[in-house]
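Structure first, commentary second.
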Ligand code: FA5
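Residue numbers (my numbering): 1 to 344.
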């Protein structure tokens with residue numbers, strides 16, 4: 001049994017030497033000093049041995065137990081120190097390292113162009129007003145001479161808030177023109193206002209169409225306002241944004257809330273008027289609808305059309321940004337590709 005104890009001691013201490021981790025050390029402890037270990041079993045069997053042998057074996061077994069226990073304590077201390085040192089090294093903060101640069105954010109190109117547009121009109125004496133994205137049928141359609149039955153409703157593919165439940169017919173505004181009525185209800189002429197905001201259309205996207213876009217509505221009401229004032233204002237706008245050289249086209253168009261109505265297009269920036277995919281091979285990109293405010297619309301705003309006249313326009317900000325920066329696909333603006341957005 002003494003020989004067996006000697007072998008046990010050698011084997012245990014040599015295994016302890018190999019241990020490199022605290023988890024392994026625990027397994028070693030269970031194996032060599034635990035209740036089921038050989039050493040414990042020998043210690044338990046001492047009572048069955050004859051007295052002389054019991055003394056010798058007992059002394060040796062206890063000496064081995066103490067040696068293993070002190071080996072365990074030392075090894076544990078050693079491994080804990082190593083563990084602490086490596087985690088300090090890993091988590092340590094080197095205050096001498098240079099700081100990491102924080103990337104500087106920038107405005108998305110659409111708000112940038114929106115700001116430019118607003119500045120041009122502010123310089124011409126227009127004030128800025130804003131209104132709700134969720135609008136009533138009355139402001140978006142009825143008050144603009146587009147009653148329920150009117151075919152012009154088809155011009156605006158509408159997203160209704162809840163067509164089944166909502167008896168009051170709320171919708172996501174399809175254009176910024178409802179702001180014309182809201183403003184007339186609040187302000188008396190003379191009015192010179194621009195009203196920027198988001199509008200929504202239930203339509204498929206392509207290179208020049210998005211389902212969510214920004215518009216800037218313009219409204220001027222005063223005595224003796226004429227179509228010449230509208231043309232002058234829009235030509236000046238184009239001159240400020242696109243320069244003297246860029247061609248502007250005025251054409252008749254129909255909107256129920258203006259009479260007469262016009263459509264304004266700018267020479268395509270991609271092909272300079274020769275025709276390309278972007279402009280549908282026409283050489284022009286339509287940027288806005290406009291016209292002289294319809295007398296019935298003025299009346300709904302409680303403004304006397306016998307005394308006052310006005311003009312209004314509604315322009316697409318994304319289309320203007322495309323022309324400004326020579327971008328040939330409107331969908332790039334909202335794809336959130338940083339490689340694209342970082343260029344502005
Ligand atoms: C209107 O929205 C009228 N409210 C404009 C108006 C205002 C007319 C005041 C008369 C008086 P229209 O649907 O054509 O009109 O849109 C105006 C401009 O918004 C267009 O010229 C175009 O630049 C832009 N636009 C319209 N639909 C889209 C779309 N799906 N994607 C991108 N831009 C669009």
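Glycine included, C-beta positions come from ideal geometry on N, C-alpha and C. Just so you know, these numbers come straight off a predicted model, no measurement behind them.
For residue 129, which residues from the same chain have a beta carbon less than 7 Å from its beta carbon, with the 5 sequence-adjacent residues on both sides left out? Position 129 of the chain shown, counted from the first residue, corresponds to residue 129. So the qualifying residues of the chain are 179, 183, 193 and 195.
What distance in whole Å lies between the Cβ atoms of residue 205 and residue 331, which are believed to be in contact at a cut-off of 8 Å? The count along the chain shown starts at 1 and reaches residue 331 at position 331. The count along the chain shown starts at 1 and reaches residue 205 at position 205. The Cβ separation is near 6 Å, so the contact holds.
Span of the beta strand (DSSP E) around residue 248: Indexing the chain shown from 1 puts residue 248 at position 248. Following the DSSP letters along the chain, one finds residue 248 inside the beta strand (DSSP E) bounded by residues 248-253.
Output yes or no for whether 8 Å exceeds the beta carbon distance between residue 60 and residue 5. On the chain shown, position 60 is the one that residue 60 refers to. On the chain shown, position 5 is the one that residue 5 refers to. Taking 8 Å as the Cβ cut-off, residue 60 and residue 5 qualify as a contacting pair.
Only counting the same chain, and skipping five residues up and downstream in sequence, which positions put a Cβ closer than 6 Å to that of residue 328? Locating residue 328 in the chain shown gives position 328, counting from the first residue. Once the five neighbours on either side are set aside, the close Cβ partners of residue 328 are 270 and 278.
Between the Cα of residue 396 and those of 289, 265, 294 and 293, spot the shortest distance and give me the residue it belongs to. Residue 396 is absent from the model: the chain starts at 1 and stops at 344.
CB contact flag (residue 221, residue 314, <8 Å): Taking the first residue of the chain shown as 1, we reach residue 221 at position 221. Taking the first residue of the chain shown as 1, we reach residue 314 at position 314. No, these two residues do not count as a Cβ contact at 8 Å.
Between residue 64 and residue 9, how many whole angstroms is the CB-CB distance? I'm expecting something under 8 Å. For this step, residue 64 is matched to residue 64 along the chain shown. For this step, residue 9 is matched to residue 9 along the chain shown. Confirmed, about 5 Å.
Between residue 98 and residue 343, what straight-line distance do the alpha-carbon atoms span, to the nearest angstrom? On the chain shown, position 98 is the one that residue 98 refers to. On the chain shown, position 343 is the one that residue 343 refers to. The alpha-carbon of residue 98 is positioned some 28 Å away from that of residue 343.
Using beta-carbon positions only, say whether residue 214 and residue 198 come within less than 8 Å of one another. Position 214 of the chain shown holds residue 214. Position 198 of the chain shown holds residue 198. Their beta carbons are under 8 Å apart, which means residue 214 touches residue 198 by this criterion.
What would DSSP say about residue 196, mapped onto helix, strand or coil? Walking along the chain shown from the start, residue 196 turns up at place 196. In the structure shown, residue 196 sits in a strand (DSSP, three-state: E or B).
Taking C-alpha atoms, which residue in 36, 71, 62 and 34 lies nearest to residue 18? Against the chain shown, residue 18 aligns to sequence position 18. The shortest C-alpha separation from residue 18 is found at 71.
Among 145, 140, 237 and 219, whose alpha-carbon lies nearest the alpha-carbon of residue 308? For this step, residue 308 is matched to residue 308 along the chain shown. For the residues 145, 140, 237 and 219, the minimum Cα distance to residue 308 belongs to 219.
Bounding residues of the beta strand (DSSP E) (the contiguous stretch that carries residue 185): As a first step, residue 185 must be located in the chain shown, where it is residue number 185. Where residue 185 is concerned, there is no enclosing beta strand (DSSP E), although the alpha helix (DSSP H) it sits in stretches over 178-186.
Note down, in chain order, each residue of its chain lying with its Cβ closer than 7 Å to the Cβ of residue 31, except the 5 sequence neighbours on either side. One-based indexing of the chain shown puts residue 31 at position 31. Excluding positions up to five away in sequence, the list reads 37.
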